[in-house]
Amino acid sequence: MTEQTAPTTAAGGPTTGEPATARGEQTRQLILDTAMRLFRERGYARTTMRAIAQEAGVAVGNAYYYFGSKDHLIQEFYADTQVEHRAAAAPVLDREREFAARLAGVLHAGVDVLTPYHSFAASFFKTAAEPTSPMSPFSAESSAPREASIALFREVLEGSTAKVDPELRPELPELLWLAYMGVVLYWVHDRSPDQVRTRKLIDGAVPLVDRLVGLSRLRVLRPVTRQALDLIRALRH
1 MTEQTAPTTA AGGPTTGEPA TARGEQTRQL ILDTAMRLFR ERGYARTTMR
51 AIAQEAGVAV GNAYYYFGSK DHLIQEFYAD TQVEHRAAAA PVLDREREFA
101 ARLAGVLHAG VDVLTPYHSF AASFFKTAAE PTSPMSPFSA ESSAPREASI
151 ALFREVLEGS TAKVDPELRP ELPELLWLAY MGVVLYWVHD RSPDQVRTRK
201 LIDGAVPLVD RLVGLSRLRV LRPVTRQALD LIRALRH
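For what it's worth, full-length UniProt numbering labels the leading residue of the sequence shown as 1, then goes sequentially.
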């Protein structure tokens, strides 16, 4: 049975036009925090908006006022997680100038931020992995947090001393984000203690990425780089 959804704006907020208040923001945050806890404890699919409202101690209609559906809760989770990722990555971006160190720091920061949600990540991923799901990181609904994440990887590159093929440079942040999505997928299925294998994956892959980025400037490899970029652009469109 499909859960009902409340009328919302394009951003997922309520349509009543009521001004935000401190109390309203507290209620909204309470609903979001409760939802994240229940997702961890029960799994995404088994958690309903009614259960979230009851656990938070608010009326079901009030829960729908702030979040039109579970999808909107996840979009808010994506946005909050991205803000946390940027904050967690700030020290390494302020301190390091070498591309490899900046990239490794940002990837590890991403895993740090996601770690509390590992217990429900696998069950949630089954839904998010559906190509038509609005919760997919590739969906139109996820465009804002996706662009924010790509911007973070753009900062990794632009603040570094890396010398990159000029044609590759504008495409590289998105490619780094795609690599990060691969790391997240590996992390979802990583059952090693504290996901230590994911950490090893990052530490092993970053030097390879760093070397490939450096080699992209070599004249002999430019035809290969162009072919790879043409393929990526074709697939994107």
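From the three backbone atoms N, C-alpha and C, an ideal C-beta is built for every residue, glycine too. Quick caveat: nothing in here was measured; it's all calculated off a predicted structure.
Three-state secondary structure (DSSP) of residue i
i	result
Tyr66	helix
Phe125	helix
Glu158	helix
Gln4	Residue placement at Gln4 is flagged as unreliable, the pLDDT there being 46, under the threshold of 50; a coordinate-derived value is accordingly withheld.
Val164	coil
Arg95	helix
Thr115	helix
Thr225	helix
Phe138	coil
Asp190	coil
Gly110	helix
Gly57	coil
Thr132	coil
Glu25	helix
Residue i to residue j span [Cα, whole Å]
i	j	result
Arg102	Val220	27 Å
Thr34	Gly57	10 Å
Val113	Arg211	27 Å
Ile31	Ala53	7 Å
Gln75	Arg37	16 Å
Gln26	Arg169	42 Å
Leu215	Gly182	22 Å
Val60	Arg50	6 Å
Val92	Ala151	16 Å
Ser133	Thr127	7 Å
Val106	Val196	16 Å
Presumed contact (8 Å Cβ cut-off) between residue i and residue j, rounded CB distance
i	j	result
His108	Ile202	6 Å
Glu167	Ile232	Contact doesn't hold; Cβ gap of about 12 Å is too wide.
Option in the options with minimal Cα separation from residue i
i	options	result
Val213	Gly204, Phe120, Asp230, Leu176	Leu176
Glu98	Val164, Thr198, Ser160	Ser160
Thr48	Leu73, Thr27, Glu96	Leu73
Pro207	Ala100, Asp190, Gly110	Ala100
Phe120	Gly43, Ala140, Pro134	Gly43
Ala110	Glu76, Thr198, Ala45	This sequence places Gly at residue 110; Ala is not what is there. Cα-wise, what sits closest to Gly110 is Thr198.
Phe124	His189, Ala151, Val209	His189
Glu155	Ala87, Gly182, Pro134, Lys126	Ala87
Pro116	Ser136, Val60, Tyr186, Asp194	Asp194
### Task
Evaluate contact between the stretch 145 to 152 and the stretch 72 to 91, counting only Cβ atoms and requiring at least three cross-stretch pairs below 8 Å.
yes
### Message
With three or more beta-carbon pairs closer than 8 Å as the criterion, would you say the stretch 170 to 187 touches the stretch 57 to 68?
### Response
no
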